[in-house]
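Accompanying notes for the structure given below.
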Amino acid sequence: MGFPRRFRATSHRCLTDCSCTSGHTWDGKHRIVNIDTVTLFFALLAIALQVALVVVGVGFAASRTFRATVIASIGPLALWAGAAIAMVCTFGSLYLSEVAKFTPCKFCWYQRIAMYPAALLLVMAAFRRDGAVRRFVAPLALVGALISSYHVLIERFPNLESGSCDPDLPCSLVWFEKFGYVTIPVMALTGFVGVIVAMLIHRAWDRSTSTTANPFSVPTLS
Amino acid sequence: MANSTQPTPRPASKTPSHGAPKSRRTLFLVLGSAALVVALGVVAVVATKSDSNSTEEVTSGASIESGNVTVTGAALVRVPEGPATDPAIGAKAPTLTGLGFDGSAISITPGGLPTIVMFVAHWCSHCQREVPQVVKWLAAGMADGVDMKGVATSTDAKLPNYPPSSWLAGEGFDVPTLVDSTESTAASAYGLDAFPYFVALDAKGNVAKRMSGELTEAQFTDLVAAAKA
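Residue numbers (the working numbering), protein chains in the order written: chain A, 210 to 431; chain B, 507 to 735.
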């Protein structure tokens, strides 16, 4: 029968012999893994990052001293910060799809394509202290942020995608929403913006220290 | 053996290391971030501990969210993509027999009265927007003379807005509603292609019109007219 594949495949994966409720998975031993806890944790991390980004953004615009302090403080750690953000996003998305069994839609996959390599590149670059990675990671994160933004729009305005729901689970499907606005693409967007800001801070630190500490060094990223 | 050559220097990093970062500041940032992450984890665990208990109670209710559906008759072909003519028009619709949310027997038997069957999925945002509209149109008498039936299909406890019984009751959708099986037997038998999905059956039980997606008031009127024709 020509019926959507996922229609059969995803329905009631865990309803065989437990009263599986939203937020729990059945692992075969009646050991309950609370997905609500993990998703709330991810949402809190996203909000913490959002707050940090707003503080940095406002501080940069308002105070030159603040800017210099942030660049001097976070700059040396910016590659590690970007790597941490990207790794949390990577393992978070893997958790949501492989453990929580939230089926990724096509826009989720596009965002993964941007985030996963960025995570790997950033970890390697952080170990090597190789700021040239910014040239590769920043465009990836920018493209990912644009896709996340569109995904957020589709969640809010489903008619942008279509006037009906695809039985194969449309991208307008909101798997969970915390604090009234934190959804999976919102968290992804936060992660991408966090990586971009980390790269910008590292670039600023790189330039400031390159010119002061080593006047003969070559700028790494224009 | 003496090494006559100097060890190969590591390729210079594109970025100078700039020396070690100030250790105290670095330590403060790293430890502060780690403490924040741990604190957020504790908050998440504590905040969801009470939720877990209450969630179990919600699902221990008596409502049936999915059940076996018996299909009698030939299944309808799936709605074709694009503007192609629907090949199911004029075909005899199959009879669906199963249960309602309260466990009572419900049958969608084509023939007799003109009928509109509405398929909805609790997680579908378009269904969530359409159901209140349909409730309003029914209250306005737009479907008088038509037997309206619902099918709650593609139900999945993992997906949002679960369970469908609570959602539809909350919307005032008092249309007799069949709960579909976990394999979406009823939706498959009626050739569903997208949600929400409407099938208009004439008095002979033949398919008069099939539509999917959010309907406008005019489209719903056309659907009712097709069933009555």
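Glycine included, each C-beta is placed from N, C-alpha and C at the ideal position. Note that this is a predicted model, so its numbers are computed, not measured.
Subject >> Local Cβ density within 10 Å of HIS239 (chain A), reported as buried at 16 or more and exposed below that >> reply: In this prediction, HIS239 (chain A) scores a pLDDT of 40, lower than 50, which makes its location untrustworthy; the coordinate-derived value is nonetheless stated afterwards. With fewer than 16 Cβ atoms within 10 Å of its Cβ, HIS239 (chain A) is classed as exposed.
**OP:** Enumerate in chain order the residues of its own chain whose CB-to-CB distance from ALA649 (chain B) is below 6 Å, with the five nearest sequence positions on each side excluded.
**Re:** VAL730
Original post:
What alpha helix (DSSP H) runs, 4 residues minimum, are completely inside the segment 341 to 404 of chain A?
Top reply: 343 to 365
Original post:
Would you call ALA695 (chain B) buried or exposed, if buried means 16 or more other Cβ atoms sit within 10 Å of its Cβ?
Top reply: buried
Original post:
PHE269 (chain A) by DSSP, collapsed to three states: which one?
Top reply: helix
Subject >> Span separating the alpha-carbon of VAL402 (chain A) from that of ALA350 (chain A) >> reply: 7 Å
Original post:
Three or more beta-carbon pairs under 8 Å between the segment 353 to 372 of chain A and the segment 647 to 665 of chain B, yes or no?
Top reply: no
Subject >> Pick from B:VAL637, B:PRO669, B:VAL575 and B:ALA663 that is closest to MET654 (chain B), judged by C-alpha positions >> reply: B:VAL637
Original post:
Do we get a CB-CB distance below 8 Å when we pair ALA347 (chain A) with the residues of chain B?
Top reply: no
Original post:
What does a CB cutoff of less than 6 Å around LEU698 (chain B) pick up in its chain, not counting 5 residues either side in sequence?
Top reply: PHE625
**OP:** Just tell me which of B:ASP680, B:PHE607, B:THR727 and B:MET717 has its CA closest to the CA of GLY588 (chain B).
**Re:** B:MET717
Original post:
Where does ARG635 (chain B) land, buried or exposed, given buried means 16+ other C-beta within 10 angstroms?
Top reply: exposed
Original post:
With a cut-off of 8 Å, does the C-beta of VAL402 (chain A) fall near any C-beta of chain B?
Top reply: no
**OP:** Check distances from the C-beta atoms of the segment 374 to 403 of chain A to those of chain B and list, in chain order, the residues that come in under 9 Å.
**Re:** CYS374, ASP375, PRO376, LEU378, PRO379, SER381, LEU382, VAL383, TRP384, PHE385 and GLU386
Original post:
At what residue ranges does the segment 630 to 683 of chain B contain a whole run of the beta strand (DSSP E), taking only runs of 3 or more?
Top reply: 653 to 658
**OP:** Look at the alpha carbon of GLU386 (chain A) and the alpha carbon of THR392 (chain A), and state the distance between them as a whole number of angstroms.
**Re:** 5 Å
**OP:** Drop a sphere of 10 angstroms on the beta-carbon of ASN559 (chain B), count the other beta-carbons inside from all chains shown, and report buried for 16 or more, exposed for fewer.
**Re:** Low per-residue confidence applies at ASN559 (chain B): pLDDT is 47, beneath 50, and the placement is therefore not dependable enough to give any value.
**OP:** List the whole-angstrom C-beta distance separating PRO616 (chain B) from LEU707 (chain B), where the pair is believed to meet the contact cut-off of C-beta under 8 Å.
**Re:** 5 Å
Original post:
Starting from ARG338 (chain A) and walking both ways along the beta strand (DSSP E), at which residues does that stretch end?
Top reply: First-last for ARG338 (chain A): undefined, no H or E at that position.
Subject >> CB-CB length for ILE283 (chain A) against ILE410 (chain A), believed under 8 Å >> reply: 5 Å
**OP:** Tell me whether VAL267 (chain A) is buried or exposed, calling it buried when 16 or more other Cβ atoms sit within 10 Å of its Cβ.
**Re:** exposed
**OP:** Using a cut-off of 7 Å between C-beta atoms, extract the partners of THR246 (chain A) located in chain C.
**Re:** The structure shown contains no chain C; its protein chains are A and B.
Original post:
What residues from chain B crowd round LYS315 (chain A), counting only those whose CB sits closer than 7 Å?
Top reply: Here the premise fails: no neighbours, minimum Cβ distance about 16 Å.
Original post:
Between PHE679 (chain B) and chain A, is there a C-beta pair that is closer than 8 Å?
Top reply: no
Subject >> Cβ shell of ALA581 (chain B) (< 8 Å), same chain only, five flanking positions each side left out >> reply: PRO600, SER694, ALA695, TYR696 and GLY697
Original post:
Using 8 Å as the limit for Cβ to Cβ distance, is LEU329 (chain A) near chain B?
Top reply: no
Original post:
Between the C-alpha atoms of ARG531 (chain B) and MET296 (chain A), what's the straight-line distance to the nearest angstrom?
Top reply: 23 Å
Subject >> Interfacial residues, the segment 617 to 633 of chain B to chain A, with Cβ spacing under 8 Å >> reply: ALA627, TRP629, CYS630, SER631, HIS632 and CYS633
Original post:
From CYS314 (chain A) to SER529 (chain B), what distance separates their C-alpha atoms?
Top reply: 44 Å
**OP:** Please name the residue in B:VAL713, B:GLU720 and B:LEU721 whose C-alpha comes closest to that of ALA733 (chain B).
**Re:** B:VAL713
Original post:
In chain B, which residues lie less than 7 Å from LEU249 (chain A) when you measure between Cβ atoms?
Top reply: ALA550, ALA553 and THR554
Subject >> Whole beta strand (DSSP E) elements within the segment 545 to 631 of chain B, 3-residue minimum >> reply: 576 to 578, 601 to 605, 611 to 614 and 621 to 626
**OP:** Measure how close the beta-carbons of ALA347 (chain A) and ILE405 (chain A) come, nearest whole angstrom, since I'm counting them as under 8 Å.
**Re:** 6 Å
Original post:
Excluding five sequence neighbours on each side, which residues of the same chain lie with their C-beta closer than 7 Å to the C-beta of LYS710 (chain B)?
Top reply: GLY617
Subject >> Partner residues on chain A for THR532 (chain B), Cβ-Cβ distance less than 9 Å >> reply: SER282, PRO285 and LEU286
Subject >> Element boundaries [beta strand (DSSP E), containing SER718 (chain B)] >> reply: 713 to 718
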